[in-house]
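A short worksheet on the structure shown next.
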Amino acid sequence: MRYFIILSVTGFIFPGLRAAPVITDTIPSAYDSSLIQLLLSQESAESNAILMNEMDGTTTAVTFSPLYGEKDVFLQMAAFQFSAMRYRYRGYDAALSGAMINGLVFNDLQRGNPAWALWSGQTQWMRNNIDFTANRFQDNWLGNIGITSSTDMRVAAQRKQLQWGYGISNRTYTQRYHFSYAAETNRHGISWAIAANMRMAAEGYQTACEYQSAAYYIGIDKQFQKAGLLSFILFGSPQLYGKQAAVTAPVTALLGINYNPNWGYQGTMKRNAAIGSQHMPVAILSFEWNPDNASAWITSLGFVGGKRGDTGLDWYNAADPRPDYYRYQPAYQTDSILQWQVTDALLGDKNQQQVNWQQLYHINKNAWETIHGINGTNESETGNRAHYLLEQRMIETRRWLLSSHYRARINTQLHIATGFHFSYQRNRHYKTVYDLLGADFHVNWNQFAENDFPSDQQAIQFDIETPNRILRKGDRYGYDYLATIVNSDCWVQAEYVTKRIDYLLGFRFSKTTYNRTGFIRNGLFPLDSKGRSITQHFLNPLLKAGFTYKFHHKHMLLALFQLQSRAPFFDDVYIAPRMRNTIQENPLSEKMIHVEASYRLMLNKVKARISTYYTRTRDGMNVLTFYHDGYRNFVNYAIRHINRQFAGVEAAVLWEPGERWELTLSLAKEMHIYTSRQAVRVSLDNNDALLDRMEVYSKGFRIGGSPQQVAGTGIRYRTPNGFFIQLNAVLFDDLWIDINPLRRTYEALEGVPRGSEQWYKIIGQTKLPSVVLTNMFLGKGFSIRNVYNKKPLRFFCSAAVNNLTNQTNIITGGYEQLRFDQETKDPDRFPPKLFYGYGLNYTLSLSISF
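If you're matching positions, the sequence shown starts at 1 in our numbering and goes up one per residue.
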């Protein structure tokens with residue numbers, strides 16, 4: 001096995017890149033505190049190991065594939081070691097990276113993120129993987145400035161064997177079973193493969209968080225004599241999982257780090273109110289034609305269809321049922337005696353700490369009411385009306401994908417690739433009554449509109465065509481709309497190789513369109529809620545140019561320049577799609593410029609890469625929706641003019657002092673900041689009139705969500721008889737929580753003395769403390785002779801142990817609450833909500849193959 005070390009430097013370092021206080025519009029870093037966002041850690045593994053994929057589908061975004069960095073030491077360290085604190089490659093959002101299977105791009109069109117959850121548990125079938133960075137020639141697409149992970153899941157790419165595997169863990173799931181079989185090609189040119197994977201936990205590491213998943217794979221290939229390969233695969237990963245909620249530091253101090261407010265006892269059973277579920281099968285038909293040894297033409301057609309659901313508590317004309325609601329906490333009380341009483345009550349009564357299911361059922365079963373004029377008729381309904389219920393927010397997806405690309409080696413110097421991609425996606429968003437919690441019915445009324453327009457019977461209707469609709473279990477209510485997005489692109493890329501210099505040139509042109517279609521006419525926006533909206537159109541070019549200068553075949557210099565734009569995403573343009581068709585004013589594509597430079601060294605015992613990069617974006621957009629206590633309603637913040645800057649240095653070295661030893665070192669020093677004052681347009685969900693225009697003093701603040709300084713080291717020892725052990729230590733620093741724009745406005749600071757302690761507390765950006773993690777991975781492979789067919793029976797067992805020092809108080813994630821008390825101007829009244837990482841956690845696995 002060969003290993004490479006690479007020091008990666010992308011672009012050039014700008015003058016402000018230094019370990020110094022962040023220079024912002026308003027604040028020095030002296031008042032920084034700490035926090036950040038949760039990502040389940042992923043263990044590394046040998047090619048024969050069973051990867052216990054920790055992706056549970058709860059994150060919007062999975063930002064880094066564990067398949068990254070197969071040969072690049074820095075990317076490998078980032079994928080397997082840095083991901084515990086949600087390190088993002090160069091700080092880019094996930095949409096700037098890509099995930100491809102059999103030539104199709106599987107980034108979600110509505111949000112842009114790679115759809116990792118579609119193949120969760122399919123690790124065994126995704127080993128034939130190539131990761132393309134921006135400065136690398138890619139023969140099946142021209143990707144963005146992030147990493148494009150391209151996987152061949154056809155049967156022809158799989159190892160022909162029978163494999164069984166079993167694993168245990170104390171992470172998201174506790175047990176894992178795996179079976180796979182790939183047959184040799186028969187005399188008719190047909191080969192096939194099947195696989196099944198089950199992962200389960202009655203309760204994972206986090207309290208009341210169950211996990212169930214059953215992944216499957218079916219594939220068949222037909223090899224034609226005249227250089228043709230027809231392939232079909234079908235795979236999916238149905239999942240069901242309980243969720244852990246973020247909590248504030250005061251709540252954690254009172255109730256412990258493992259506190260999860262999402263659950264409560266129903267009788268003797270722990271019941272979680274926040275359950276996620278998903279099943280979206282994927283089918284891909286591909287044909288590859290090889291007219292000669294120097295060229296190939298591959299065409300693929302794919303379909304994705306299925307549902308994703310997330311349950312949560314809903315209530316009508318009743319007290320907030322969430323046990324961590326801020327008004328129920330001691331810190332919210334202004335009187336010291338009342339604080340003590342609330343604290344004593346919380347600590348003394350488990351029902352006040354968790355969801356009180358018995359109380360919710362009791363209230364519902366004693367809520368006898370009569371509703372007149374139900375379902376738009378003269379009839380009435382009498383019974384127990386639901387004041388508490390469980391809703392399920394659904395996304396029903398249908399997506400077609402088509403791609404075709406041609407690659408050819410014209411001669412020994414010139415390589416070209418060209419092709420097109422087309423994707424059509426329909427996401428239907430709605431919510432249903434999941435559980436009435438002992439009640440007989442619920443009514444399809446908008447309680448916020450009822451507060452604003454108590455005498456307007458039309459305004460309170462979510463559906464004026466069926467007023468006073470009575471809801472039973474499984475009925476849709478509230479909202480129901482369709483997001484239709486179409487994306488297509490054509491591209492060409494060429495690489496010209498000479499003895500001293502290699503040249504790279506590529507161009508891509510894409511078109512994106514989308515619209516909203518409402519299926520119900522609500523009482524607040526009868527003219528703008530039902531029917532199809534105006535379609536938005538965006539045209540976006542991409543230009544890439546680079547070169548590689550070869551001082552020697554063992555060391556070289558690479559440089560790249562990339563200029564592109566990308567369409568804003570549906571969720572960043574439509575301000576309140578659940579209610580109406582309103583969009584942001586004059587939506588624009590985001591512009592990007594990127595430069596990078598790298599030096600590579602590849603000696604017999606030492607491999608290294610050092611890179612520096614600089615990326616600048618402008619005209620980004622975003623929409624934030626949250627409950628505003630002042631308006632007593634949901635408020636929409638439509639944000640535009642978001643300009644960002646990403647710059648830094650990354651480096652990695654691998655040294656083999658002997659045949660059995662490897663030493664690795666990887667580090668990154670980065671600075672990712674906002675470079676503009678953002679513009680905000682404020683409106684209510686229940687009223688599209690402009691409430692306010694604000695300027696956010698965001699310039700100079702750090703972009704949160706990913707550590708901007710990381711360093712990892714590793715030592716690995718292997719023996720001739722197949723045993724290996726690897727130890728890693730990783731440092732994370734410069735971890736920031738992304739800012740709440742509401743606190744960085746003139747309105748938030750009005751009346752506060754400039755430069756006072758309160759001033760800095762309001763505008764100060766939260767910084768996380770440094771974290772050091774140590775991890776261990778070891779394994780042993782061996783084989784015995786099968787007495788029946790004389791073939792070797794191969795065994796591989798491994799153990800991955802992370803956080804060896806069992807640090808249980810690591811804050812791995814968080815976010816600033818969008819609530820802000822305008823009266824007291826006290827940011828501590830709504831402190832950030834936090835996630836905590838695992839303590840010592842492990843995975844043990846065994847695989848048998850022949």
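All C-beta atoms in this analysis are idealised placements derived from N, C-alpha and C, irrespective of residue type, glycine included. Quick caveat, the model's predicted, so the values are computed rather than measured.
Distance between residue j and residue i (C-alpha atoms, nearest Å)
{"i": "residue 215", "j": "residue 237", "result": "4 Å"}
{"i": "residue 835", "j": "residue 120", "result": "23 Å"}
{"i": "residue 168", "j": "residue 799", "result": "10 Å"}
{"i": "residue 677", "j": "residue 109", "result": "28 Å"}
{"i": "residue 512", "j": "residue 560", "result": "26 Å"}
{"i": "residue 57", "j": "residue 233", "result": "Residue confidence for residue 57 is low, a pLDDT of 34 falling below 50, so the modelled location carries little weight and cannot support an answer."}
{"i": "residue 578", "j": "residue 476", "result": "13 Å"}
{"i": "residue 341", "j": "residue 817", "result": "26 Å"}
{"i": "residue 92", "j": "residue 704", "result": "11 Å"}
{"i": "residue 196", "j": "residue 303", "result": "21 Å"}
{"i": "residue 85", "j": "residue 270", "result": "29 Å"}
{"i": "residue 26", "j": "residue 832", "result": "Residue placement at residue 26 is flagged as unreliable, the pLDDT there being 40, under the threshold of 50; the coordinate-derived value follows with that caveat. Computed Cα separation, rounded: 20 Å."}
{"i": "residue 451", "j": "residue 358", "result": "28 Å"}
{"i": "residue 902", "j": "residue 75", "result": "Since the first residue of the chain shown is 1 and the last is 850, residue 902 is not available in this structure."}
{"i": "residue 354", "j": "residue 432", "result": "24 Å"}
{"i": "residue 386", "j": "residue 436", "result": "6 Å"}
{"i": "residue 690", "j": "residue 564", "result": "33 Å"}
{"i": "residue 306", "j": "residue 775", "result": "37 Å"}
{"i": "residue 88", "j": "residue 413", "result": "35 Å"}
{"i": "residue 646", "j": "residue 597", "result": "14 Å"}
{"i": "residue 665", "j": "residue 111", "result": "35 Å"}
{"i": "residue 319", "j": "residue 392", "result": "20 Å"}
{"i": "residue 500", "j": "residue 161", "result": "44 Å"}
Assigned secondary structure, residue i (DSSP; H/G/I helix, E/B strand, else coil)
{"i": "residue 585", "result": "coil"}
{"i": "residue 429", "result": "strand"}
{"i": "residue 42", "result": "Confidence in residue 42 is poor, its pLDDT being 28 and thus under 50, which makes the residue's placement unreliable; the coordinate value appears in the next sentence. Coil at residue 42, not helix or strand."}
{"i": "residue 571", "result": "helix"}
{"i": "residue 482", "result": "strand"}
{"i": "residue 77", "result": "helix"}
{"i": "residue 772", "result": "strand"}
{"i": "residue 628", "result": "strand"}
{"i": "residue 699", "result": "coil"}
{"i": "residue 386", "result": "coil"}
{"i": "residue 845", "result": "strand"}
{"i": "residue 342", "result": "helix"}
Cβ-Cβ distance between residue i and residue j below 9 Å
{"i": "residue 797", "j": "residue 840", "result": "no"}
{"i": "residue 246", "j": "residue 814", "result": "yes"}
{"i": "residue 708", "j": "residue 671", "result": "yes"}
{"i": "residue 537", "j": "residue 562", "result": "no"}
{"i": "residue 144", "j": "residue 157", "result": "no"}
{"i": "residue 374", "j": "residue 468", "result": "yes"}
{"i": "residue 729", "j": "residue 771", "result": "no"}
{"i": "residue 674", "j": "residue 644", "result": "yes"}
{"i": "residue 384", "j": "residue 366", "result": "yes"}
{"i": "residue 218", "j": "residue 240", "result": "no"}
{"i": "residue 769", "j": "residue 737", "result": "no"}
{"i": "residue 528", "j": "residue 472", "result": "no"}
{"i": "residue 599", "j": "residue 557", "result": "yes"}
Nearest residue (CA-CA) to residue i, options the options
{"i": "residue 152", "options": "140, 163 and 144", "result": "140"}
{"i": "residue 520", "options": "460, 480 and 75", "result": "480"}
{"i": "residue 203", "options": "244, 757 and 223", "result": "244"}
{"i": "residue 298", "options": "717, 848 and 418", "result": "418"}
{"i": "residue 322", "options": "310, 360, 293 and 339", "result": "360"}
{"i": "residue 566", "options": "724, 543, 574 and 585", "result": "543"}
{"i": "residue 696", "options": "710, 683, 747 and 718", "result": "747"}
{"i": "residue 700", "options": "564, 655 and 642", "result": "642"}
{"i": "residue 629", "options": "344, 823 and 81", "result": "823"}
{"i": "residue 766", "options": "706, 226, 293 and 724", "result": "706"}
In DSSP terms, what residue i is bridged to
{"i": "residue 283", "result": "234 and 303"}
{"i": "residue 240", "result": "212 and 277"}
{"i": "residue 792", "result": "785"}
{"i": "residue 362", "result": "Paired residues: none, contrary to the question."}
Closer than 9 Å to chain B by CB, residue i
{"i": "residue 129", "result": "The structure shown contains no chain B; it holds only a single protein chain."}
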